[in-house]
Amino acid sequence: MRRGGTLEIDHALEQAAGGDAFVWIGLYEPTEREFDAVRREFDLHPLAVEDAINAHQRPKLELYGETIFMVLKTAQYVDSNEVIELGEILIFIGEGFIVTVRHGEPTHLHDVREQIEGQPELLKHGPAAVLHAIVDRVVDEYGPAIEGLSDDVTEVEDEVFSSGMVNRAERIYKLKREVLQFLRAATPLAEPMERLAHREHPLIDPEVRTYFRDVTDHLRRVQDQLEGFRDLLTSVLEANLSQVGVRQNEDMRKISAWVAIAAVPTMLAGIYGMNFDHMPELSWTYGYPAVLTLMAVVCLSLFIRFKRAGWL
Amino acid sequence: MRRGGTLEIDHALEQAAGGDAFVWIGLYEPTEREFDAVRREFDLHPLAVEDAINAHQRPKLELYGETIFMVLKTAQYVDSNEVIELGEILIFIGEGFIVTVRHGEPTHLHDVREQIEGQPELLKHGPAAVLHAIVDRVVDEYGPAIEGLSDDVTEVEDEVFSSGMVNRAERIYKLKREVLQFLRAATPLAEPMERLAHREHPLIDPEVRTYFRDVTDHLRRVQDQLEGFRDLLTSVLEANLSQVGVRQNEDMRKISAWVAIAAVPTMLAGIYGMNFDHMPELSWTYGYPAVLTLMAVVCLSLFIRFKRAGWL
Amino acid sequence: MRRGGTLEIDHALEQAAGGDAFVWIGLYEPTEREFDAVRREFDLHPLAVEDAINAHQRPKLELYGETIFMVLKTAQYVDSNEVIELGEILIFIGEGFIVTVRHGEPTHLHDVREQIEGQPELLKHGPAAVLHAIVDRVVDEYGPAIEGLSDDVTEVEDEVFSSGMVNRAERIYKLKREVLQFLRAATPLAEPMERLAHREHPLIDPEVRTYFRDVTDHLRRVQDQLEGFRDLLTSVLEANLSQVGVRQNEDMRKISAWVAIAAVPTMLAGIYGMNFDHMPELSWTYGYPAVLTLMAVVCLSLFIRFKRAGWL
Amino acid sequence: MRRGGTLEIDHALEQAAGGDAFVWIGLYEPTEREFDAVRREFDLHPLAVEDAINAHQRPKLELYGETIFMVLKTAQYVDSNEVIELGEILIFIGEGFIVTVRHGEPTHLHDVREQIEGQPELLKHGPAAVLHAIVDRVVDEYGPAIEGLSDDVTEVEDEVFSSGMVNRAERIYKLKREVLQFLRAATPLAEPMERLAHREHPLIDPEVRTYFRDVTDHLRRVQDQLEGFRDLLTSVLEANLSQVGVRQNEDMRKISAWVAIAAVPTMLAGIYGMNFDHMPELSWTYGYPAVLTLMAVVCLSLFIRFKRAGWL
Amino acid sequence: MRRGGTLEIDHALEQAAGGDAFVWIGLYEPTEREFDAVRREFDLHPLAVEDAINAHQRPKLELYGETIFMVLKTAQYVDSNEVIELGEILIFIGEGFIVTVRHGEPTHLHDVREQIEGQPELLKHGPAAVLHAIVDRVVDEYGPAIEGLSDDVTEVEDEVFSSGMVNRAERIYKLKREVLQFLRAATPLAEPMERLAHREHPLIDPEVRTYFRDVTDHLRRVQDQLEGFRDLLTSVLEANLSQVGVRQNEDMRKISAWVAIAAVPTMLAGIYGMNFDHMPELSWTYGYPAVLTLMAVVCLSLFIRFKRAGWL
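In order, the protein sequences belong to chains Y, H, P, W and S.
For the first sequence, my numbering gives the first residue as 3, with consecutive numbering after it.
For the second sequence, my numbering gives the first residue as 3, with consecutive numbering after it.
For the third sequence, my numbering gives the first residue as 3, with consecutive numbering after it.
For the fourth sequence, my numbering gives the first residue as 3, with consecutive numbering after it.
For the fifth sequence, my numbering gives the first residue as 3, with consecutive numbering after it.
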């Protein structure tokens with residue numbers, strides 16, 4: 003059951019009390035002052051409140067008395083500059099209430115609210131069901147980010163091993179940086195999820211626990227994939243080094259081979275450019291064409307040889 | 003005991019109930035609708051059903067009440083493009099039934115069925131025996147894939163250290179990618195296998211547990227080998243870098259050495275091509291042959307020296 | 003409650019005894035003799051005293067009977083030479099007293115004292131509250147150091163991938179050294195903090211424990227970030243190698259390409275510089291301009307070709 | 003007490019039963035048929051029997067009811083091709099019997115038999131004493147293999163850092179491969195040894211346990227050394243890359259420096275080979291020797307300069 | 003209390019028995035025969051005795067009944083060849099006796115004896131106090147070795163990043179080898195120390211345990227520092243590769259740039275060395291100086307350009 007409209011926060015809990023009803027308060031980057039009424043009404047712990055206002059926390063799950071405080075990182079892949087944009091959702095749940103605080107560009111909790119309102123059988127599990135719905139949504143949204151990274155990794159692999167001569171060190175490095183950052187945002191979540199899935203907690207129905215286990219499983223898959231990307235990118239960076247080195251060296255070898263070919267007629271011409279009085283070849287009628295032919299033959303045979311050695 | 007033919011799913015369990023009989027239902031990439039009758043008949047958990055339909059799960063073992071849900075990855079080595087093709091088998095077992103869902107190109111469960119039907123003493127252990135037979139088959143089929151990778155690793159080693167000049171970075175990298183992917187598909191299986199082998203579960207006979215322990219052992223061997231490949235390929239990639247670098251440098255040195263040899267007669271020829279009025283050598287009768295001889299001697303001695311230094 | 007002024011150490015404990023009062027004694031790099039009175043008054047363990055005087059300890063938490071002995075590392079980022087300067091604070095707390103010993107350039111405990119005196123509700127938790135205040139301050143001051151390192155990492159990334167040709171190996175290496183050193187100073191602190199946060203200890207109020215948990219969390223974030231820097235710097239060092247290699251090779255290729263272009267007219271000039279009696283071109287009226295034109299055409303076409311190949 | 007000669011396997015156990023006597027049956031690469039009588043007499047588990055016949059197992063220790071099944075890897079260093087040759091010993095021990103199955107080129111168990119027969123005080127501990135004697139022998143024989151590898155590592159280090167110009171990438175890589183393979187053969191043994199040393203088992207006397215602890219210790223030392231080799235070889239491979247790179251570059255620099263020296267007289271000669279009508283130097287009496295001297299001076303000064311820079 | 007002079011080993015224990023007295027027997031590389039009397043008198047376990055005679059053990063702590071057997075590695079830094087020289091001390095302690103066996107060039111236990119005799123309050127804790135004194139001394143002596151390595155690491159860093167052109171791969175590698183060896187000698191000691199510090203043992207007074215905890219702490223610091231060196235040296239080896247590569251490439255570029263500069267006048271001279279009948283420039287009065295000027299201008303402008311590009 004849900005009651006819309008503006009509710010006086012001061013009496014939120016009162017109205018929720020009794021029955022299965024609970025209050026869901028959603029805030030976006032609140033200031034300390036804005037948050038104060040909420041803090042007082044639900045008796046939230048000052049340390050958790052401080053975290054909720056300043057954000058930039060690691061994903062974590064803390065228990066302050068009966069209240070559960072959870073920090074989640076949302077991830078969104080921005081294709082234009084190949085960056086993972088992280089947001090943050092901080093959630094308090096207690097007997098009869100759930101408070102969500104969003105920072106950055108996070109998941110649209112609005113959709114979650116609509117979705118969960120359509121499943122009254124879930125809603126009756128209380129705030130824990132909402133917590134699950136949010137976490138599930140956040141982790142589901144890791145999917146497209148993973149896809150985006152996966153595409154980029156494949157692209158960068160193709161580039162590195164294509165015949166074109168591009169040094170992809172920068173792109174590889176930046177992708178790796180995103181992967182590492184994403185890992186740091188997603189991985190620490192697994193441990194608190196696991197705890198929610200396996201330990202008893204008065205706020206969490208045994209039935210809902212199964213759902214948290216499912217989320218944990220999704221998270222482990224995300225972690226597996228990200229660690230896979232990290233390992234691949236490390237290898238690609240190394241492969242890139244050898245690919246670029248090889249291609250550049252091929253250029254140098256080609257240039258040097260041509261210079262070597264040109265050195266032979268230059269040397270021969272030098273010899274017949276000497277000013278000795280007695281150089282019989284110089285007075286031969288066909289001396290000049292003979293030398294030109296010699297030059298051509300030597301150059302051609304060198305050319306063929308270098309071609310065969312794969313140098314040209 | 004086995005009863006063939008088309009059975010109405012709706013009454014499958016009924017028929018199985020009583021005695022040691024059980025139903026085995028095998029599906030291939032079912033849609034949600036196709037799976038619905040099965041789900042209802044055996045009362046499968048919606049989360050597990052969702053996994054079974056969408057596939058792309060990590061290997062895992064979950065307990066939903068009395069039902070065991072297991073996800074397996076099958077692996078097949080495709081020699082033509084040196085790729086490990088992964089499939090997926092998802093298995094539900096419960097009192098009196100086993101449901102298998104195949105995705106991708108997995109193991110032919112048909113053979114497993116025939117094989118297990120020929121061992122009535124196993125069949126009497128119920129669905130757990132079938133579960134073991136499938137898992138055993140899947141892990142056994144890792145063998146040829148490992149063989150295929152092993153051959154490729156050996157081939158690539160030979161190529162890297164052969165005298166031919168080939169940069170194998172791409173092949174090494176792609177092999178490593180396959181190995182990492184295979185590791186991700188096989189490794190997480192060890193932990194649930196271990197659990198089946200060591201913990202009590204009403205569906206699993208103590209006698210069958212020994213067999214799961216054996217599978218665990220096979221899995222650990224697969225893991226050992228794959229990790230071995232990974233480590234070797236990492237080293238080969240590095241060795242490849244130095245091998246290629248060395249060979250390319252040898253080419254450059256050879257070309258440069260020849261250019262250096264050619265530079266000497268060019269210089270000498272230049273000197274005797276100068277137009278000074280007073281250059282006594284020019285008028286010597288044997289000046290020209292003497293200079294040619296000098297050139298030959300210098301070039302030859304350089305050639306010998308470079309040859310000895312291993313530069314040519 | 004706080005009593006200022008110079009107190010006779012010999013009777014410090016006596017005066018503190020009774021009620022919630024406690025003594026806070028702060029020392030800066032004391033000699034053994036200076037520390038002796040303190041040691042005797044509070045009955046400190048000789049091993050801990052030795053550590054407190056010599057400093058250069060790992061961060062740790064030791065229990066000597068009822069007394070808690072803690073070693074903390076302070077960190078300060080010195081931007082001018084991109085160095086993390088470490089200091090050390092060693093703290094003894096016991097029933098009715100807290101002794102702090104500072105070494106190096108640590109946190110100004112004076113501020114901590116003022117801050118804590120403004121929060122009488124904290125002060126009533128006794129020495130443990132002071133311990134928390136100090137630890138909290140030390141860990142908070144890691145923040146700017148992390149910021150400093152973060153800026154440097156970003157700077158060095160930009161330098162490595164900029165088009166300018168700079169080898170940043172030294173800077174990257176030195177940053178990495180600072181990060182590793184900082185990690186060694188901050189990481190071992192997490193474990194004793196965790197212990198203070200989760201285990202029972204007569205000196206530490208359950209209420210204060212929550213605060214130590216918060217510090218632990220900050221520490222984990224510091225560790226996450228430092229490990230992130232370490233991983234990034236490792237990758238940047240590798241990327242730097244390939245970037246520098248690529249740029250240098252481009253220079254060499256450019257120089258070689260120009261030498262190759264110059265080799266062609268040199269060769270042609272050599273040919274027409276030969277002294278054969280019968281070289282018909284030499285007597286042509288337009289032979290000279292024709293050859294010059296040929297040279298220009300060849301050089302130009304080479305130039306265009308090399309330009310297109312990206313060599314010039 | 004020991005009874006030689008051919009014993010009917012079918013009654014082996016019968017004869018051993020009663021008193022401390024036990025049967026030791028040794029087999030070398032038996033077929034399934036050959037092994038069948040043994041299997042039946044001692045009631046060995048079919049899974050262990052399958053392992054014993056097929057070999058290629060990981061080192062492990064399994065309990066099948068009262069029977070202990072152990073897989074050991076033997077290692078022998080073949081100096082001629084620097085390869086570790088692995089063999090396999092599979093051992094079953096139970097009340098009153100020990101069955102050993104050898105595969106490949108393993109330890110000569112004959113010696114072990116003789117040695118243990120000379121120590122009746124050990125023999126009275128039953129099959130466990132034999133198990134220890136075999137394991138001890140196998141681990142002792144790792145010693146010479148470690149020695150062989152150690153010598154090779156030292157040799158390869160010397161080669162890499164000697165002034166000679168050899169690329170040792172292949173040798174280093176192959177040594178590393180052997181070390182990794184050896185590690186995989188020796189390391190998994192430590193865990194089952196530890197178990198034999200610390201846990202209770204009816205077949206294993208507390209007194210014998212001390213001996214298994216000693217073997218565990220030897221194994222840890224082997225592991226330490228092999229991991230040390232692995233780390234060293236990884237570093238040597240990297241050092242080799244820079245050593246080879248440096249030496250090759252030195253060659254190129256030397257060749258280029260000589261070409262640069264030769265370029266100067268070539269240029270000067272070219273200038274005085276020009277055909278201008280008015281070139282006063284050409285008619286000077288000492289023009290020619292003066293130019294020759296100039297060439298010599300320039301070349302010499304370049305030579306000295308390059309020498310000083312360490313380029314020649 | 004201490005009694006000097008030669009004591010009959012056979013009755014050593016007898017004399018020590020009763021009261022707090024105990025016997026300390028120190029041996030240096032004993033043979034099996036020499037050690038035999040000791041073994042019999044104190045009833046030492048044959049496996050421990052074997053270890054004590056052969057040495058080359060890993061650091062460890064074993065319990066043989068009531069007797070504690072400990073293996074320690076001593077480390078000494080030999081500056082002349084930058085090598086860590088390891089020795090070994092093996093210690094047996096039991097009720098009323100301590101036996102120390104030294105191998106290699108270990109700590110002068112003589113000093114330890116004198117020092118401990120000056121602290122009768124320690125001596126009354128029995129052999130455990132002596133054990134602590136020895137271990138403490140051994141670990142303290144790691145300090146100078148760490149210092150020596152630290153200096154070398156700093157030196158090698160300076161060398162790698164100095165402008166001089168030296169390839170330090172060999173020195174870095176050898177330092178790393180020493181660090182790895184030292185780590186293997188010092189690290190395994192931490193675990194048995196920890197055990198002595200935290201577990202109950204009849205021979206070890208609770209009061210002495212605090213002292214073992216202190217040693218453990220020193221050991222962890224040693225380990226931290228050695229692991230720090232290892233990580234730094236790994237990075238320095240990589241940095242060295244890029245530093246050396248960069249410097250060598252700079253040389254090549256410089257040489258090539260000079261060759262390119264020389265190529266221009268050579269080409270121009272070649273052109274005016276051609277023998278065409280109609281080359282108007284040749285007959286100009288100022289043709290020769292004009293060409294020389296042109297050469298100079300071109301060379302100078304190239305020189306300036308290359309200088310600006312940082313190539314010369």
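The beta-carbon is built from N, C-alpha and C at its ideal position, and this holds for glycine as well.
Just so it is clear, the structure is predicted and the values come from calculations on it, not from any experiment.
Cutoff 9 angstroms: residue i Cβ touching any chain S Cβ
{"i": "ARG179 of chain P", "result": "yes"}
{"i": "GLN245 of chain W", "result": "yes"}
{"i": "ASP154 of chain W", "result": "no"}
{"i": "TRP313 of chain W", "result": "yes"}
Short CB-CB distance (under 9 angstroms) between residue i and chain H
{"i": "TYR144 of chain Y", "result": "no"}
{"i": "PHE163 of chain Y", "result": "yes"}
{"i": "PRO190 of chain W", "result": "yes"}
Helix, strand or coil at residue i according to DSSP, with G and I counted as helix
{"i": "LYS126 of chain S", "result": "coil"}
{"i": "MET72 of chain Y", "result": "strand"}
{"i": "GLU34 of chain S", "result": "helix"}
{"i": "GLU90 of chain S", "result": "strand"}
{"i": "HIS105 of chain W", "result": "strand"}
{"i": "LEU235 of chain S", "result": "helix"}
{"i": "SER285 of chain H", "result": "helix"}
For residue i, the residue or residues it bridges with in DSSP
{"i": "TRP26 of chain P", "result": "P:ILE100"}
{"i": "ILE95 of chain H", "result": "H:ILE70, H:ILE100"}
{"i": "LYS62 of chain S", "result": "S:VAL73"}
{"i": "VAL80 of chain Y", "result": "Y:VAL85"}
{"i": "HIS203 of chain S", "result": "S:ILE206"}
is_contact[residue i, chain W] using C-beta, thresh 9 angstroms
{"i": "VAL140 of chain H", "result": "no"}
{"i": "HIS47 of chain S", "result": "yes"}
Cβ separation of residue i and residue j, assumed to be a contact under 8 angstroms, to the nearest whole Å
{"i": "LEU151 of chain H", "j": "VAL181 of chain H", "result": "6 angstroms"}
{"i": "GLY89 of chain H", "j": "HIS105 of chain H", "result": "6 angstroms"}
{"i": "ILE93 of chain Y", "j": "MET72 of chain Y", "result": "5 angstroms"}
{"i": "VAL293 of chain S", "j": "LEU270 of chain S", "result": "6 angstroms"}
Any chain P beta carbon closer than 9 angstroms to residue i
{"i": "THR268 of chain Y", "result": "yes"}
{"i": "THR212 of chain Y", "result": "no"}
{"i": "VAL103 of chain S", "result": "no"}
C-beta neighbour in chain Y for residue i, strict 9 angstroms
{"i": "MET254 of chain H", "result": "yes"}
beta-carbon residue i near the ligand ZN non-hydrogen atom, thresh 8 angstroms
{"i": "ARG232 of chain H", "result": "Ligands in the displayed structure: none, and consequently the ligand ZN is not present."}
At a cut of 8 angstroms, does the stretch 244-260 of chain W reach the stretch 263-278 of chain S through at least three beta carbon pairs?
-> The answer is no - the stretch 263-278 of chain S does not touch the stretch 244-260 of chain W, with fewer than three Cβ pairs under 8 angstroms.
Given 8 angstroms as the limit, is there contact between the stretch 49-61 of chain H and the stretch 184-199 of chain H, that is, 3 or more CB pairs closer than that?
-> With a cut-off of 8 angstroms, the stretch 184-199 of chain H and the stretch 49-61 of chain H count as touching, because enough Cβ pairs lie within range.
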